[in-house]
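Quick note on numbering that gives the first Met the number 0: the sequence shown kicks off at 0 and runs consecutively. Heads up: the structure comes next, in structure tokens.
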Amino acid sequence: MTLGTGDFVTGAQAIDSRPILIVTGLVQEARIAAGPGMAVICSSSSPTQLRALLTVVDPETIRGVISFGVAGGLDPSLRSGDVVLATEVLSGDTRWAAGLSLGDDLIERLTSGRRRVVRGSLAGAEEVVTARSCKAALHSETGAFAVDMESHIAAAYAAEAGLPFAAVRVISDPAHRALPALARAAIKPNGQIDLPAVLRGIVRNPTTLHALVSTGIDFNRALRSLRGCRDFLIGTELAGAEALVSETA
């Protein structure tokens, strides 16, 4: 799925006519990101599909890559709606640097109201990390603030293409919250919610209703915060002439 392309400008002076590639996992995230200067792809929460989509993106047609969307919290201090600006992305033994150049006015807008913004590392995963114990183990192992299924793939693509990379992720399910299995099973391939599947699951196991409601509240709070981060996509300049990648022992 691809949404929104166009020229990118700051003020009246054009920086580069090529769009920034925005990598998302959910349709809701893609809709928030879409607009002038953005070429948005949506993986429908499938790492395999995301890699396939990136194979047909010509790196010569874009000027940078940003991973944009929600994430699972790993740092216990983070709440739903908090924003993580990635300093690096981790997956296995590989680390990709994330370059950001933010003006004071943009930081002020991002942190306005109740939105909290932190800088830290993101962990990449091939599957949704649902259990509290798994989140705690991943945080202990990596020190990452949050986890998602797109950032490490987007970072690898940017590094291979020699493009600057950044990641902006908003906490949806905090570290203390376990994602109900039904929440993931009810996501359609296009990223939309399969409401009949949700209702059937509740009928079979009514005790899941409370967890689903709490998860939905967190998710909606994260999406509201993500909309407030749209200025980041418009006002940010990707730092560095090329993406950085390092191998750890």
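Ideal Cβ placement from N, Cα and C applies to all residues, glycine included.
1) Note down, one range per segment and in chain order, each alpha helix (DSSP H) of at least 4 residues found wholly within the region 45-103.
2) Give every residue of the same chain whose Cβ lies closer than 6 Å to the Cβ of R115, excluding the five residues on either side of it in the sequence, and list them in chain order.
3) Between which two residues does the beta strand (DSSP E) containing L25 stretch?
4) Using only the alpha-carbon positions, how far apart do T86 and R203 sit?
5) Flag this pair as yes or no: are the beta carbons of A124 and A166 separated by less than 8 Å?
6) Counting pairs of beta carbons, one from the region 14-25 and one from the region 63-70, are three or more of them closer than 8 Å?
7) Exposed or buried, which one is F212 when buried takes at least 16 other CB atoms within 10 Å?
8) With 16 as the cutoff for other CB atoms within 10 Å, does R94 come out buried or exposed?
9) Report yes if the CB atom of V39 is closer than 8 Å to the CB atom of A32, and no otherwise.
10) I need the boundaries of the beta strand (DSSP E) containing A145, first residue and last residue.
11) Could you check what DSSP says for R118 in three-state terms: helix, strand or coil?
12) Is there contact here, the region 47-58 with the region 138-145, by at least three beta-carbon pairs under 8 Å?
13) Among A29, R176, S90 and L178, which has the Cα closest to the Cα of L225?
14) Identify whether C133 lies in helix, strand or coil by the three-state DSSP scheme.
15) What residue does the alpha helix (DSSP H) around S150 start on, and which one ends it?
16) Anyone know if the C-beta pair for S90 and I170 falls short of 8 Å?
17) Just to check my reading of the structure: G71 and V146 have Cβ atoms closer than 8 Å, yes? What is that Cβ distance to the nearest angstrom?
18) In the structure shown, what three-state DSSP assignment does A221 receive?
19) Decide if D15 is buried, meaning its Cβ has at least 16 other Cβ atoms within 10 Å, or exposed.
20) Taking Cβ to Cβ, would you say A251 is nearer than 8 Å to F144?
21) Helix, strand or coil, according to DSSP, for R176 in the structure here?
The structure says:
1) 46-54
2) D81
3) That residue, L25, is in no beta strand (DSSP E); it is neither H nor E in DSSP.
4) 43 Å
5) no
6) yes
7) Note on residue identity: the sequence assigns Val, not Phe, to residue 212. Counting Cβ neighbours within 10 Å, V212 comes out exposed, since fewer than 16 surround it.
8) buried
9) yes
10) It spans A145 to D147 - the beta strand (DSSP E) in which A145 sits, taken as one unbroken run.
11) For R118, the three-state secondary structure derived from DSSP is strand.
12) Flag = no, the region 47-58 and the region 138-145 do not touch.
13) A29
14) Here C133 sits in helix by DSSP.
15) If you look at S150, you'll find it in the alpha helix (DSSP H) that goes S150 to A160.
16) No, the pair does not count as a contact, with Cβ atoms beyond the cut-off.
17) 5 Å
18) helix
19) exposed
20) Residue 251 is absent from the model: the chain starts at 0 and stops at 248.
21) coil
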